[in-house]
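See below for the structure under consideration.
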Amino acid sequence: MSAPRTSFPAADLIAPHVNTLSKYLTRAAVNQARSNFELGQVEWQVVTLLGVFQPISIRELTFHALLDAAQVSRAVAALAKRGLVSRRQSPEDRREAKLTLTAAGRSLHADLTVAAVERNNTLLEGFSAKETRALIEKLDILIERAKVLADESKG
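The sequence shown: position 34 = 1504 (this note's numbering), numbered continuously.
Have a look at this one:
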């Protein structure tokens, strides 16, 4: 392993590249969710996360979405009003509700997943399966290291 560098040209810093990629990918997904499914950004995130983590509490959903609880709460209320999300009292803690997607919510999640796969395929066009796996492995390593940095910086 090579020695750590102590100075970088700005173009070599990884965070701006990853942040820019994330913003463009989010913008593409949200634009598509807004125009095709009438979902705002937080609503899109909630449906996407519920499709993976349900049943889940608002507190847990807020953690996974990396968003403010009030934003998530408003999005859940809007999605529930549209019949996409249901709330049930948690059997473990009666003060807490567990959220799940309704049949309509699961159908929407399936449509969002198809759209995500299409965007993913476009993004990775020209990459071999081996290159794609290597990229994902490297990104997973960076994500784990970033989590450690975030935890260490809490103070």
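The beta-carbon is built from N, C-alpha and C at its ideal position, and this holds for glycine as well.
One or two residues paired with residue i in a DSSP bridge
i       : result
LEU1569 : ILE1526 and ARG1557
Spatial neighbours of residue i in its chain, beta-carbon cut-off 8 Å, leaving aside the 5 residues before and after
i       : result
ARG1529 : ALA1539 and GLU1566
LEU1543 : With the sequence shown as reference, residue 1543 is identified as Ser, and Leu is not the correct amino acid for it. Answer for SER1543: ILE1528, listed in chain order.
Same chain, Cβ closer than 6 Å to residue i, five either side skipped, listed in chain order
i       : result
GLN1511 : VAL1500
ASP1482 : none
Rounded distance between the beta-carbons of residue j and residue i, thought under 8 Å
i       : j       : result
LEU1571 : ALA1503 : Not really, about 15 Å apart at Cβ, beyond 8 Å.
ALA1535 : GLU1513 : That belief does not hold up - the Cβ atoms of ALA1535 and GLU1513 are roughly 11 Å apart, past 8 Å.
ILE1484 : LEU1612 : 7 Å
VAL1584 : LEU1549 : Actually they do not touch by this definition, with Cβ atoms about 19 Å apart.
Query raised in the report: Using 8 Å as the Cβ pair cut-off and three pairs as the minimum, do the stretch 1585-1593 and the stretch 1548-1560 touch?
Result: The stretch 1585-1593 makes no contact with the stretch 1548-1560; the number of CB pairs closer than 8 Å stays below 3.
Query raised in the report: With a cut-off of 8 Å, do at least 3 Cβ pairs link the stretch 1561-1581 to the stretch 1491-1498?
Result: Verdict: no, contact absent.
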